[in-house]
Structures are given as C-alpha cells and as structure tokens.
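Heads up: the structure comes next, in structure tokens.
In my numbering, the protein residues as written are 11 to 184.
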C-alpha cells in the first residue's frame with residue numbers, strides 16, 4: 011500500500027517515485043534516490059495498469075547531465091501487447107536526442123532464451139537507441155537461472171559495467 015512505502019527509511023536515500031498496487035497484493039515499483047541528487051518526479055500514473063505495466067520515473071540532475079530514469083514491472087501474466095504499446099507511448103513522450111535514458115526493472119522476459127517477446131522488446135527499445143546492459147543471471151533458484159531483470163541505456167559515452175549486488179532488498183540480483 012502507498013501508506014506503507016512512505017514509512018520505509020533507507021538512511022541517505024529518499025523515495026523519489028512510486029506506484030503501489032491497489033487491487034492485487036505485493037506489487038508495484040519505486041525509485042529511491044540519494045539525498046544529495048536533485049530530481050523531479052515524472053507523473054506516469056495514466057499508464058499504470060496493475061500486472062500489465064507498473065511504472066514510475068524521475069528526472070535526475072547530475073553535474074552537467076540530466077538523466078531520465080524509468081522503473082518498470084511487468085507480471086508474467088500481464089497483457090504483453092498492452093505493455094509494449096504503452097511503453098512505446100511513454101518513450102515517444104520522453105525521448106529527445108539530448109536526453110539520456112535509463113530503463114530498468116523486471117520485464118519478466120527471460121533474456122537467457124531466444125524468444126519472440128525478447129525480440130519484440132529489443133526491437134522497440136532499439137528504435138530509441140536503448141540497449142541491454144545486464145549479461146548475468148538475475149535469479150538463481152535450484153540450479154535454474156533466468157535473466158528477467160534488466161537495465162537499458164541509450165548512452166555509451168562513458169565506460170561502465172553492471173554487476174550483481176546481493177543486498178537482501180529484492181528477489182533479484184540487479
């Protein structure tokens with residue numbers, strides 16, 4: 011519930027953006043941001059539909075650069091067509107050639123397997139110059155590995171690497 015997440019205290023982090031489910035239990039998305047980073051919340055409530063697309067976003071102001079960070083959850087039982095169509099609408103609204111985008115979350119599309127949903131999502135994101143950065147399994151259970159959580163970026167001007175961080179705050183390791 012939205013009242014509960016407001017009570018979470020993560021020390022030097024502030025809750026910047028959130029979507030909490032109202033109908034189904036145990037779901038939603040949020041972005042915590044370091045207290046020393048300036049940001050504005052981007053209102054995406056009109057696109058949220060529980061299980062199909064749960065989304066929130068921030069505009070970050072870092073030194074001479076601005077970044078738009080979008081966090082997504084898509085349930086494995088959600089409507090995939092709705093998800094793709096709404097994601098395209100959101101990216102069309104936010105995309106500008108000078109904007110740096112970071113899209114992250116649990117897409118529930120296993121990138122360790124070749125499948126049509128992976129190709130459709132990759133095709134859509136590539137049209138906005140967004141490319142996957144996660145190359146390791148994000149969930150390991152009983153010797154079974156998946157890569158359903160991902161981070162996409164549209165800027166490669168800086169050297170970066172993505173590594174798992176196992177901190178106990180999530181059910182995945184991104």
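C-beta atoms are modelled at their ideal positions from N, C-alpha and C, and glycine is treated no differently.
Small disclaimer: the values here were computed from a predicted structure and weren't measured.
At the level of alpha carbons, what is the spacing between residue i and residue j?
i, j, result
"residue 120", "residue 78", "25 Å"
"residue 133", "residue 89", "18 Å"
"residue 163", "residue 105", "12 Å"
"residue 160", "residue 39", "14 Å"
"residue 129", "residue 123", "11 Å"
"residue 24", "residue 49", "10 Å"
"residue 62", "residue 83", "8 Å"
"residue 72", "residue 47", "7 Å"
"residue 140", "residue 33", "32 Å"
"residue 54", "residue 98", "13 Å"
"residue 155", "residue 56", "34 Å"
"residue 151", "residue 74", "42 Å"
What three-state label does DSSP hand residue i in the structure shown?
i, result
"residue 82", "strand"
"residue 32", "coil"
"residue 126", "helix"
"residue 105", "coil"
"residue 41", "strand"
"residue 47", "coil"
"residue 62", "coil"
"residue 111", "strand"
"residue 142", "strand"
"residue 119", "coil"
"residue 183", "Confidence is the limiting factor: at residue 183 the pLDDT is only 49, short of 50, which leaves the residue's position unreliable and the question unanswerable from this model."
Would you check whether the ligand GTP has a heavy atom nearer than 8 Å to the C-beta of residue i?
i, result
"residue 116", "The ligand GTP is not among the ligands present in this structure, which contains no ligands whatsoever."
Please report the Cβ distance between residue i and residue j, rounded to the nearest whole angstrom; I am assuming they are in contact, meaning their Cβ atoms lie under 8 Å.
i, j, result
"residue 26", "residue 68", "5 Å"
"residue 138", "residue 101", "5 Å"
Just grab the DSSP bridge partners of residue i for me.
i, result
"residue 56", "Bridge partners of residue 56: none, in fact."
"residue 92", "Bridge partners of residue 92: none, in fact."
"residue 159", "116"
Less than 7 Å between C-beta atoms, sequence neighbours within five positions excluded: which residues of the same chain meet that for residue i?
i, result
"residue 127", "90, 119"
"residue 58", "29, 64, 65"
"residue 117", "82, 84, 131, 158, 160"
"residue 87", "61"
"residue 51", "26, 27, 68"
Enumerate in chain order the residues of its own chain whose CB-to-CB distance from residue i is below 8 Å, with the five nearest sequence positions on each side excluded.
i, result
"residue 76", "69, 70, 109, 110"
"residue 20", "42"
"residue 31", "37, 38, 60, 64"
"residue 45", "22, 23, 24"
"residue 18", "25"
Please list, in chain order, all residues of the same chain as residue i whose beta carbon is under 6 Å from its beta carbon, the five residues on each side excluded.
i, result
"residue 92", "62"
"residue 80", "67, 113"
"residue 135", "162"
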